[in-house]
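Using our numbering, read the sequence shown as starting at 50 and increasing by one per residue. We put the CB at the ideal spot given by N, CA and C, even for glycine. Please read all numbers here as calculations on a predicted model, not as lab measurements. One structure is given below, encoded as structure tokens.
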Amino acid sequence: MEVRKIKRKVLLLGDGAVGKTSLIRKYVMDRFDDKYITTIGTKVTKKVLEMKPQNAELTLMIWDVLGQKGYSSIQSSSYKGSEGALVVCDLTRKETLKSLEEYWCPNLSQVAGNVPLVLVGNKCDLKDQFQVSEGELKAFATKFGAPYFRCSAKTGENVEAAFGALGESVCRAEARPEAGQGSTQAAEIKTLIDATDFIISDFCKGYNDEETAMAIVRQQFGRAGVDINAPTKAGVLKAIEYLAEAEKGVKTEHEARARMVKRRLVVEKVEG
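Given below as structure tokens:
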């Protein structure tokens with residue numbers, strides 16, 4: 050019997066510093082790095098699994114989504130077309146579990162509907178620092194109809210099991226139609242995070258390939274020294290210049306300059 054080839058888009062969601070990027074590294078490359086790196090925008094990693102009971106080869110396209118709250122345009126764009134999610138809390142920070150319930154899961158559901166979830170309580174190697182109990186994990190999992198795992202990106206405990214459970218769930222589910230990117234609006238921009246969110250989304254809208262666009266964003270924001278958690282006007286304005294340089298490869302010089310001017314106006318209108 051011919052092996053079926055299945056491709057699914059899945060997300061890693063949760064607050065900053067819960068260990069999403071480290072979990073992906075451990076799972077895909079079997080590598081742990083305890084240096085915290087903020088993911089700018091989204092980063093996509095591929096993992097191919099053999100699903101023997103289903104006689105299938107499953108390709109997981111794993112989207113590591115920016116964990117800073119307030120970047121709603123970037124996050125909503127990432128949610129579109131997703132078919133499952135690993136939702137991650139930090140067992141040493143109780144507020145990260147609350148964020149899953151109050152921010153991440155409702156926002157995902159609003160865009161993507163009822164997709165399979167797997168709950169991960171990360172950093173289970175730090176037992177003496179736990180703030181989240183087994184009972185709290187179980188209560189969350191029951192509410193959202195999700196299996197849960199206590200994992201460690203550092204030791205690898207239950208990392209394969211958690212991703213495997215997500216793979217099983219999305220392999221059983223019907224494929225969803227791929228959604229296009231939504232429009233970006235400059236309304237309700239009150240803070241630099243709002244402005245930065247708009248700029249990244251506006252830049253990505255000009256590309257058919259969001260993965261390529263996000264790679265350019267990460268490079269140019271890094272070059273400008275922008276801290277995505279606490280951006281400064283000077284840093285964001287410098288990043289806008291660098292993005293305009295990059296756009297000259299896909300836009301006319303006039304178009305690239307016009308887009309740069311539009312983005313600068315958005316930043317300059319922000320008070321403070």
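Looking at L62, D83 and V137, the one whose alpha-carbon comes closest to that of S125 is L62. Going by DSSP, R312 is part of the alpha helix (DSSP H) stretching over E302 to E317. Taken atom to atom, the span from the alpha-carbon of V169 to that of Q103 is near 24 angstroms.
V136 sits close to L149, with the two beta carbons spaced by under 8 angstroms. An exposed status is given to K176, since fewer than 16 other beta-carbon atoms sit within 10 Å of its beta-carbon. Within the same chain, Cβ atoms closer than 8 angstroms to the Cβ of V315 are found at A235, I238, A244, F247 and I248, the five residues on either side in sequence being excluded. Beyond the five residues adjoining it in sequence on each side, R272 comes within less than 6 angstroms, by CB distance, of Y291 in the same chain, given in chain order.
In the DSSP assignment, G170 falls within the unbroken beta strand (DSSP E) covering L166 to N171. The beta carbons of A105 and K129 sit no closer together than 8 angstroms. A residue is called buried when at least 16 other Cβ atoms come within 10 angstroms of its Cβ; P165 meets this threshold and is buried. Per DSSP, I248 is one residue of the alpha helix (DSSP H) stretching across L241 to K254. If you compare the alpha carbons of D83, F270, Q178 and C138 with that of F189, the shortest gap goes to C138. Runs of the alpha helix (DSSP H) lying entirely within the region 149 to 226 and spanning at least 4 residues, in chain order: 154 to 161, 183 to 193 and 208 to 221. Judged by their CB atoms, V59 and G133 are nearer to each other than the 8 angstroms cut-off. In the assembly as shown, G194 is an exposed residue. Its beta-carbon has fewer than 16 other beta-carbons within 10 Å. Straight through space, the alpha carbons of F270 and D276 are spaced by roughly 8 angstroms.
Take the alpha-carbon of E260 and the one of I55: they are about 20 angstroms apart. For M263, the enclosing alpha helix (DSSP H) starts and ends at E259 to R272. Between L215 and C173, the C-beta gap is not smaller than 8 angstroms, which leaves the two residues out of contact.
In this structure the region 66 to 83 touches the region 195 to 207; the number of beta carbon pairs closer than 8 angstroms is three or more. Bounds of the beta strand (DSSP E) holding I111 are A105 to V114. One alpha carbon belongs to Q117, the other to K95, and they sit about 23 angstroms apart. Residue pairing of K92 in beta bridges, as defined by DSSP: D113.
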